[in-house]
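Written out below as C-alpha cells is the structure these notes cover.
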Amino acid sequence: MALNHRRICLCVAALTLFCTWGCERGKSAPANASSSAAQPAQNSSAPQMQVSEPKGPALRLNAERAMQYVKDIVTIGPRWPGSKGQEKTAAYLRAKLKNDSLIEDAFEGDTPAGKLAMRNFIARFPGTKDGIIVLAAHIDTPYPLRNTSFAGANDGASSTGLLLAIADQLRGKKLEGYSVWLAFLDGEEAVQQWAANDSDYGSRHLAAKWQQDGTTGKIKAFILADMIGDADLDILRDDNSTPWLEDMVFEAAKRLGYQSHFFAREAGMDDDHTPFARSGVPVADVIDFNYGYNNSYWHTTQDTIDKLSPRSLQITGDVILETLRLLNANADKLPAPAQGPRVPS
Ligand SMILES: [Zn+2]
Numbered sequence: 000m001a002l003n004h005r006r007i008c009l010c011v012a013a014l015t016l017f018c019t020w021g022c023e024r025g026k027s028a029p030a031n032a033s034s035s036a037a038q039p040a041q042n043s044s045a046p047q048m049q050v051s052e053p054k055g056p057a058l059r060l061n062a063e064r065a066m067q068y069v070k071d072i073v074t075i076g077p078r079w080p081g082s083k084g085q086e087k088t089a090a091y092l093r094a095k096l097k098n099d100s101l102i103e104d105a106f107e108g109d110t111p112a113g114k115l116a117m118r119n120f121i122a123r124f125p126g127t128k129d130g131i132i133v134l135a136a137h138i139d140t141p142y143p144l145r146n147t148s149f150a151g152a153n154d155g156a157s158s159t160g161l162l163l164a165i166a167d168q169l170r171g172k173k174l175e176g177y178s179v180w181l182a183f184l185d186g187e188e189a190v191q192q193w194a195a196n197d198s199d200y201g202s203r204h205l206a207a208k209w210q211q212d213g214t215t216g217k218i219k220a221f222i223l224a225d226m227i228g229d230a231d232l233d234i235l236r237d238d239n240s241t242p243w244l245e246d247m248v249f250e251a252a253k254r255l256g257y258q259s260h261f262f263a264r265e266a267g268m269d270d271d272h273t274p275f276a277r278s279g280v281p282v283a284d285v286i287d288f289n290y291g292y293n294n295s296y297w298h299t300t301q302d303t304i305d306k307l308s309p310r311s312l313q314i315t316g317d318v319i320l321e322t323l324r325l326l327n328a329n330a331d332k333l334p335a336p337a338q339g340p341r342v343p344s
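Heads up: the sequence shown at position 174 corresponds to 173 in numbering that gives the first Met the number 0, and the numbers run straight through without jumps.
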C-alpha cells in the first residue's frame, strides 16, 4: 500500500495539521508524530452516529492460534506472484478453510513484468440477514523483493493469519446478522512501482467482478486489515475510508478499552479498499503504517516475526469482531450505499 496524498495529518487534540515534507507516495510517515495526541481525529463533516448496544455473544480471537498461522505463513517464505511461495500459500489456505464455503478466483494480473497468475480466495460464512460484510487481507509479498529473503511477517502474513483466526470464530456458528465473507487477496503489492495500474491487482479484479455479478450492492461494509501485527500497535485513521465506518471501528475499540491503539495519527492510504470505495462500498482500512522507527521495517528484510506480538493480533481481531456486532446492531441506521462510483477524496 502507499500513502496517496502528499500529506499526513497529525491529530493534536482536535487540531489537524498538514505537513508538506517527506509525505509523498510510498514514503513513510514521520515517526512519533502524534506523541502528544490525546484525542482521536474527528471528521467534523461526518455525522456522529448514536450506536445501539450489540446483542448476543461477543466473539474473541484466539491470538495464540492467530500467531501460529502468521508463523506458518512466514515459514512459507516469499509469496510474490509466480513464486513457489504463492502456490504453497494457496495450498495452506485450502487446508485451513477446507470445511468452509471457499471460492477460488484465479486470474491473470496484467503487470509491468507481463501477465502473472494470481488467485484470490473468498471464504463465506452465511448469516441470517440479507447483506454481506467483507473482511479482507492481502496474501502476497512484493515482486521487486523476490531476490531477497523478504517474507512479510507484518506486511501480508499478519493480516492473513488474522483472517484465518477470525474464520475459526465464525465457523460452525449461526451468525445472527449479515453474512461475513473473508477475502484473501493476491497481488496487492506493486510489481514495479506503485501506481493505479500497478497495485491492488486482486482487489481491482474482485471489485470489478462483484460489480458485474451484482454482489457489490449487497455489501454493507468492507473492512481491510493490513500491517496489524506490529508489537507497537498504532492504527491510523485513514482519510480514504468511509468516515462513519471509521467511527464505528473506533467505537468498537473504545468499548474494548483499546482506543489508545487507534487513530492518534491520520493519513490517506491507497490499499486494497480503494477499488471497493470507487464502487461506492463503505470501506475501512485498519492499518498501522508506522512500523519501526520512521516506518523503517516496511518493505525491508527487517519485517520479521520478532517484531510482532500476539496482543496486537488480539486487539485488532477483537475490534474487528466487535465492529461486526455494531454493524449488525445498527443495520437500520447505516447510511445507504453511495449511488454510482465514489472516488476517494
Ligand atoms: Zn507492502
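Cβ coordinates follow ideal geometry from the N, Cα and C atoms, glycine included.
For residue i, the residue or residues it bridges with in DSSP
{"i": "Arg236", "result": "Glu265"}
{"i": "His272", "result": "None; His272 has no bridge partner."}
{"i": "Ser308", "result": "According to DSSP, Ser308 bridges with nothing at all."}
{"i": "Glu63", "result": "DSSP, once it has assigned bridges, lists no residue as partnering Glu63."}
{"i": "Ala136", "result": "Phe183"}
{"i": "Met117", "result": "Phe106"}
{"i": "Lys128", "result": "Tyr177"}
{"i": "Leu2", "result": "Met268"}
CB contact flag (residue i, residue j, <8 Å)
{"i": "Ile141", "j": "His298", "result": "Note that residue 141 corresponds to Pro in the displayed sequence, not to Ile. Yes, they are a contact pair."}
{"i": "Asn146", "j": "Asp233", "result": "no"}
{"i": "Ile72", "j": "Tyr91", "result": "yes"}
{"i": "Arg93", "j": "Gln85", "result": "no"}
{"i": "Lys350", "j": "Tyr68", "result": "Nothing can be reported for residue 350: it is not among the residues displayed for the chain, which extend from 0 to 344."}
{"i": "Glu321", "j": "Val50", "result": "no"}
{"i": "Val179", "j": "Val248", "result": "no"}
{"i": "Asn153", "j": "Leu312", "result": "no"}
{"i": "Leu184", "j": "Ile222", "result": "no"}
{"i": "Leu205", "j": "Asp269", "result": "no"}
{"i": "Leu235", "j": "Ile286", "result": "yes"}
{"i": "Ile304", "j": "Lys70", "result": "yes"}
{"i": "Gly316", "j": "Ala65", "result": "yes"}
{"i": "Ala57", "j": "Pro80", "result": "no"}
{"i": "Ser148", "j": "Thr300", "result": "yes"}
{"i": "Asn239", "j": "Ala276", "result": "yes"}
{"i": "Leu163", "j": "Phe124", "result": "no"}
{"i": "Lys347", "j": "Ile102", "result": "Residue 347 cannot be examined here, being either before or after the span of the chain that is shown, 0 to 344."}
{"i": "Ala328", "j": "Lys54", "result": "yes"}
{"i": "Ala252", "j": "Gln258", "result": "yes"}
Proximity winner among the options, relative to residue i (alpha-carbon distances)
{"i": "Asp99", "options": "Lys208, Arg203, Ala166 and Val282", "result": "Ala166"}
{"i": "Asn119", "options": "Ala136, Ile131, Gln67 and Asp269", "result": "Ala136"}
{"i": "Leu2", "options": "Val318, Arg310 and Asp237", "result": "Asp237"}
{"i": "Arg345", "options": "Ala220, Ala182 and Glu86", "result": "Because residue 345 is not part of the residues shown, which for the chain are 0 to 344, the question remains open."}
{"i": "Asp225", "options": "Glu63, Leu161, Ala263 and Glu250", "result": "Leu161"}
{"i": "Glu245", "options": "Ile227, Glu187 and Phe261", "result": "Phe261"}
{"i": "Leu323", "options": "Thr74, Asp104, Val133 and Glu103", "result": "Val133"}
{"i": "Glu52", "options": "Gly126, Arg254, Ile131 and Ala276", "result": "Arg254"}
{"i": "Ser363", "options": "Gln301, Asp284 and Ile218", "result": "This structure cannot settle anything about residue 363, because the visible part of the chain is limited to 0 through 344."}
{"i": "Asp231", "options": "Thr159, Ala207, Arg310 and Ala266", "result": "Arg310"}
{"i": "Ser158", "options": "Ile227, Pro334 and Pro274", "result": "Ile227"}
{"i": "Leu144", "options": "Ala89, Glu188, Lys332 and Ala207", "result": "Glu188"}
{"i": "Glu107", "options": "Trp243, Trp209, Tyr200 and Ala150", "result": "Tyr200"}
Beta carbon proximity, residue i to chain B, threshold 8 Å
{"i": "Ala62", "result": "No chain B is present in this structure, which holds just one protein chain."}
Three Cβ pairs or more, each shorter than 8 Å: is that satisfied between the segment 196-212 and the segment 102-115?
yes
Should the segment 209-216 be called in touch with the segment 289-297, which here means at least 3 C-beta pairs below 8 Å?
The segment 209-216 vs the segment 289-297: no contact.
Check whether the segment 56-70 and the segment 166-177 are in contact - that is, three or more C-beta pairs closer than 8 Å.
Counting Cβ pairs under 8 Å, three or more are found: they touch.
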